[in-house]
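Q: Take a look at the following structure, please.
Number of protein chains: 2
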Amino acid sequence: MKEQRLLRIRELVSQQEIETQEELVRALEESGFAVTQATISRDIKELQLIKVVGTNGRYKYAIPVMASSVTLDALRRRLADVFISQARAQNLVVIKVLPGNANAIGSMIDTMNHSGLLGTIAGDDTILLVCQDEDAAIRLLDTLLPQADRRPTE
Amino acid sequence: MKEQRLLRIRELVSQQEIETQEELVRALEESGFAVTQATISRDIKELQLIKVVGTNGRYKYAIPVMASSVTLDALRRRLADVFISQARAQNLVVIKVLPGNANAIGSMIDTMNHSGLLGTIAGDDTILLVCQDEDAAIRLLDTLLPQADRRPTE
DNA sequence: AGTGAATAGTAATTCAAC
DNA sequence: GTTGAATTACTATTCACT
Numbered sequence: 001m002k003e004q005r006l007l008r009i010r011e012l013v014s015q016q017e018i019e020t021q022e023e024l025v026r027a028l029e030e031s032g033f034a035v036t037q038a039t040i041s042r043d044i045k046e047l048q049l050i051k052v053v054g055t056n057g058r059y060k061y062a063i064p065v066m067a068s069s070v071t072l073d074a075l076r077r078r079l080a081d082v083f084i085s086q087a088r089a090q091n092l093v094v095i096k097v098l099p100g101n102a103n104a105i106g107s108m109i110d111t112m113n114h115s116g117l118l119g120t121i122a123g124d125d126t127i128l129l130v131c132q133d134e135d136a137a138i139r140l141l142d143t144l145l146p147q148a149d150r151r152p153t154e
Numbered sequence: 001m002k003e004q005r006l007l008r009i010r011e012l013v014s015q016q017e018i019e020t021q022e023e024l025v026r027a028l029e030e031s032g033f034a035v036t037q038a039t040i041s042r043d044i045k046e047l048q049l050i051k052v053v054g055t056n057g058r059y060k061y062a063i064p065v066m067a068s069s070v071t072l073d074a075l076r077r078r079l080a081d082v083f084i085s086q087a088r089a090q091n092l093v094v095i096k097v098l099p100g101n102a103n104a105i106g107s108m109i110d111t112m113n114h115s116g117l118l119g120t121i122a123g124d125d126t127i128l129l130v131c132q133d134e135d136a137a138i139r140l141l142d143t144l145l146p147q148a149d150r151r152p153t154e
């Protein structure tokens with residue numbers, strides 16, 4: 001029964017604007033599921049639904065597209081997993097990763113909308129990050145590869 | 001002053017596990033920002049921070065990597081923007097999009113971890129989605145292109 | 001505009017039960 | 001393991017002020 005309910009919650013959330021858990025309780029009731037807010041709270045945690053600001057400026061629940069990869073933390077971890085080397089020349093940053101991984105990482109970096117990052121080009125194992133200036137390049141590197149995780153460039 | 005604070009919040013949130021707004025208030029205080037929870041609540045909305053389930057099973061605040069593109073909704077909208085056509089043959093789905101857009105969309109679809117989606121291959125304007133079976137393919141299409149938004153295949 | 005104090009509104013957890 | 005009732009904990013908003 002719970003499985004059904006979780007599925008229905010995903011449906012409901014992706015179809016209509018659910019702003020509160022109480023609203024979800026009511027919507028589920030109409031679908032034939034009788035549960036309370038307490039249960040919904042647990043379901044939401046289990047489904048890892050997130051609250052995002054909708055177009056109307058109000059909060060609503062949503063399904064994160066990048067399941068576990070929503071956070072900057074996760075990007076860093078993924079990058080760390082495939083990281084080979086990094087180099088910087090003025091406003092340009094070049095990151096080498098394991099073959100075949102450049103595109104995926106590049107696209108993640110690209111979409112994080114880092115201010116000062118003008119563009120990203122990724123080949124098979126190389127990512128070129130074009131920044132506005134040297135400062136922006138340094139900040140970007142710091143964001144992607146915080147000291148603790150950065151291997152020496154040699 | 002507010003700008004500084006918002007920047008510091010992003011830093012704090014990406015560096016340590018901030019579980020509540022009160023915790024953030026305290027952390028900001030140590031950084032020299034004296035504000036109350038009310039203000040933090042507004043800041044969080046403005047920064048569009050989200051609450052995600054951390055490794056310890058507790059909630060923490062996080063910066064979404066894909067700024068406005070975190071939700072399934074957003075993926076659908078992006079797909080709709082560049083959508084040309086869709087076709088399905090048994091467990092295979094082929095989606096055509098405007099030239100140059102296949103990779104970005106494909107990678108987003110890929111990372112959404114749709115159950116029953118085995119893999120994604122994207123060329124320049126074509127995305128091939130390999131599903132486990134016909135059912136999975138139909139479900140995936142339904143998820144990506146709900147009736148209302150789907151143009152006739154014809 | 002930005003903010004805090006207070007409050008209303010909402011969500012998470014506890015505790016007990018099954 | 002799952003749930004609801006009650007409670008606690010937390011967050012958003014209102015109102016007043018600047």
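Those sequence lines, one after another, are chains A and B.
Per the UniProt record's numbering, residue 1 is the first one in the first sequence, and the count goes up by one each step.
Per the UniProt record's numbering, residue 1 is the first one in the second sequence, and the count goes up by one each step.
Yeah, the Cβ is synthetic: ideal placement off N, Cα and C, and Gly gets one too.
Predicted model, so just to flag it, every value in this text is computed and none were measured.
For chain A, check one thing: does any of its Cβ atoms lie closer than 7 Å to the Cβ of LYS2/B?
A: Chain A, which has no Cβ nearer than 7 Å to the Cβ of LYS2/B, makes this no.
Q: Closer than 7 Å by C-beta to LEU141/B: which residues in its own chain qualify, once you throw out the five before and the five after it? Chain order, please.
A: GLN86, ARG88, VAL93, listed in sequence order.
Q: Drop a sphere of 10 angstroms on the beta-carbon of GLY100/A, count the other beta-carbons inside from all chains shown, and report buried for 16 or more, exposed for fewer.
A: That one is exposed.
Q: SER115/A: which of THR71/B, LYS2/B, LEU7/B sits nearest, CA to CA?
A: Residue LEU7/B is the option with its Cα nearest to SER115/A.
Q: At the level of alpha carbons, what is the spacing between THR143/B and LYS96/B?
A: THR143/B and LYS96/B: Cα-Cα distance of roughly 16 Å.
Q: Using a beta-carbon distance below 7 Å, is VAL130/A in contact with chain B?
A: No, its Cβ sits nowhere closer than 7 Å to a Cβ of chain B.
Q: Please classify LEU118/A: is it buried, with 16 or more other beta-carbons within 10 angstroms of its beta-carbon, or exposed?
A: Result: exposed.
Q: Can you list the residues of chain B that ASN103/A reaches, using a CB-CB cut of under 8 Å?
A: Result: ASN103, SER107.
Q: Counting beta carbon pairs with one atom in the stretch 72-86 of chain B and one in the stretch 47-56 of chain B, are three or more of them shorter than 8 Å?
A: Result no; under three Cβ-Cβ pairs closer than 8 Å.
Q: Taking the continuous beta strand (DSSP E) assigned at LEU129/B, which residues delimit it?
A: Start and end: 126-131.
Q: For GLN4/A, collect the residues of the same chain with a Cβ closer than 8 Å to its Cβ; drop the 5 residues on either side in sequence, then sort them by chain order.
A: For GLN4/A, where only same-chain residues beyond five positions count, the Cβ hits under 8 Å are PHE33.
Q: Buried or exposed, going by whether 16 or more other CB atoms sit within 10 Å of the CB of SER31/A?
A: That one is exposed.
Q: Report all residues from its chain with a CB closer than 6 Å to the CB of MET108/A; omit the five preceding and five following residues, and keep chain order.
A: If we look at MET108/A and ignore the five residues flanking it on each side, its Cβ neighbours are LEU75.
Q: Relative to the alpha-carbon of LYS45/B, which residue among ASN91/B, ALA62/B, ARG58/B has its alpha-carbon at the smallest distance?
A: Among ASN91/B, ALA62/B, ARG58/B, the Cα nearest to that of LYS45/B is on ALA62/B.
Q: Starting from the beta carbon of LEU98/A, find every residue of chain B whose beta carbon is closer than 8 Å, and list them in chain order.
A: The premise fails here: LEU98/A is roughly 17 Å from chain B at the closest Cβ pair, so nothing lies under 8 Å.
Q: With a threshold of 7 Å between beta carbons, is LEU145/B in contact with chain A?
A: No, LEU145/B lies away from the interface with chain A (no Cβ there is under 7 Å from its Cβ).
Q: Kindly indicate which three-state DSSP category ALA89/B falls into: helix, strand or coil?
A: Looking at ALA89/B - three-state DSSP - the assignment turns out to be strand.
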